[in-house]
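Remarks on the structure that follows.
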Amino acid sequence: MKSISIYLSILMSIFIFSACEKEIEFNGKITDPLIVVNSYLNPDSIVSAQISESRFFLKDSITFKNISNAEVAVWVNGDFKEKMSYDEKGIYNGTFKPLIGDTLKLVVNVPGFKEVTSQTVIYYQPVINSIDTTNVWTGMSYQISYSGSSSNGGPTIWKNDTIATVMGHTINYTLKFKDNGNEQNYYRLIVKSTSYYVQTDTVTQVETKSEKDSYFYYFSDVVSGDNTNTDPLSIVGGMYSYNMYGVFSDELFNGKTYSLTFSTNEDVYTYRSEYDYGRKTPDRKKVSIYLQSISKDYYQYAQSRVAAETGDNFFSEQVQIHNNIVGGIGILGSYTASEVYQIDLQ
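Mapped onto my numbering, the consecutive letters of the sequence shown carry residue numbers -13 to 332.
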C-alpha cells in the first residue's frame, strides 16, 4: 500500500505541473537596476573586480550589461590605496597584490546609481601536512551502446554492442592539515586532474601533444555535507545533493589536525577499433590538490548557490543567494591557496 501511495503522489505531481499552461500578465513593479560587483581577491593575483548592471528577471536577455564608467576605489586597512582601471574585457584592475591579513574595501560609484561598498579579509595560507593515497581496483566492466533501426516502416530492431572494456580504478585520498583554533575558518578543496596525450600522425609521423583538465572528484567526507536524498518526490535536481564547490567549515574539528577524505575515478577505457573515434587512454595523468582558506562570505555564497541549484523538490522555498555588497548585489570574497600537492599517476 505504501508503494502505491508513492506512485500516486508522483503521478499527481506530474499532473499538477504539466496539465495546463496559461500566460499571466505581470502587473508588479519593475525594479530599477542595481550595481553588481563580483570579485575574489587573493595574495597571488592583482586585485580585480567585475562591475555590471542587474537585469529585471522578466527581460529576454540572459546577459548582464558591463559598466564601463564606474569609479572603483580600493581601500587597504582603512587607508585609500588606488582607483582601479577598466579594461576591454569588462574588468576593473588594480596594480598591487594584497597581503596576508589585509582588510580590503571596494567603494564603487556609478553616475545614476547609489554608492555601493563591500570588504573582505585575506586569510592565512593553509598548510597540508601530508596526503596518503590508496588504490582500489573495482573490477572489469563493459561500456555498452544501444541502438535501434527499422526499414520500410517495419518494427524497430534493437541491438547492443560492447564498445569498450573498463578496468575500474578508484584512488582514495586522505589529506591531513592543522586548523587554527583561534578563529572560525572556512575552506575549499580543489582537485585538478590533468590528462596528457600524445598523438602520432600515421603519415608524417609527427607527434602532437595535448592535455585536458578535469575538476571532478568525489567529496564524501562528513564535513562536505553531501547527502543522498530518498524523497520519491525529488524529481527536479536529481536524487543526490552534492557539494559542487568543495567548501566546508571547521565546525567539526576547530583547532585540531583533521584528516580530510575524498577520491577520484581513474577508470581505464579500452575501445574497440571501430568505436574509438580518436578516444584513447591518457599517456600520463597528474592530480594537483589545493586547499584554500576562504572568507566566510565566499563560503556562504557557495553554499547558497548549491542550495539554489539543487533544490530538493517542487515545493521547496526559493533560496536567497548570499550577497555582501552594501547597496548593490554580488559577492566580494577572498581565498588563499596552499602549496600545490601533485601526484603523478602514470
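Beta carbons are placed, not taken as given, at the ideal position from N, Cα and C, and that holds for glycine.
Where residue 127 is concerned, the enclosing beta strand (DSSP E) starts and stops at 114 to 135.
Spanning the alpha carbons of residue 274 and residue 181 requires a straight line of approximately 11 Å. Within the DSSP bridge table, the entry for residue 199 names 180 as partners.
Nearest to residue 28 by alpha-carbon distance, out of 85, 52, 78, 66, is 85. In the DSSP secondary-structure assignment, residue 278 is bridged to 174, 323. Around the beta carbon of residue 37, 16 or more other beta carbons lie within 10 angstroms, which makes this residue buried. In its chain, beyond the 5 residues on either side, 162, 163, 164, 243 have a beta carbon closer than 8 Å to the beta carbon of residue 115.
Exclusion of the five residues before and after residue 59 leaves 69, 93 as the residues of its chain whose Cβ lies within less than 6 Å of its Cβ. With fewer than 16 other Cβ atoms from the protein chains shown falling within 10 Å of its own Cβ, residue 295 counts as exposed.
Contact annotation: residue 319 and residue 281 have beta-carbon atoms nearer than 9 Å. If the five residues before and after residue 135 are omitted, its C-beta is found closer than 8 Å to the C-beta atoms of 142, 143, all from its own chain and listed in chain order.
Less than 9 Å divides the Cβ of residue 233 from the Cβ of residue 173. At least 9 Å separates the beta-carbon of residue 204 from that of residue 179. In this chain, the beta strand (DSSP E) harbouring residue 155 covers 143 to 164. The alpha-carbon of residue 288 is positioned some 12 Å away from that of residue 316.
Exclusion of the five residues before and after residue 122 leaves 156 as the residues of its chain whose Cβ lies within less than 6 Å of its Cβ. For the pair residue 200 and residue 120, the Cα-to-Cα distance works out to about 20 Å. For residue 92, the beta-bridge partners assigned by DSSP are 60, 104. Residue pairing by DSSP places residue 72 opposite 78 in a beta bridge.
Look at residue 295 here: in three-state DSSP terms it is helix.
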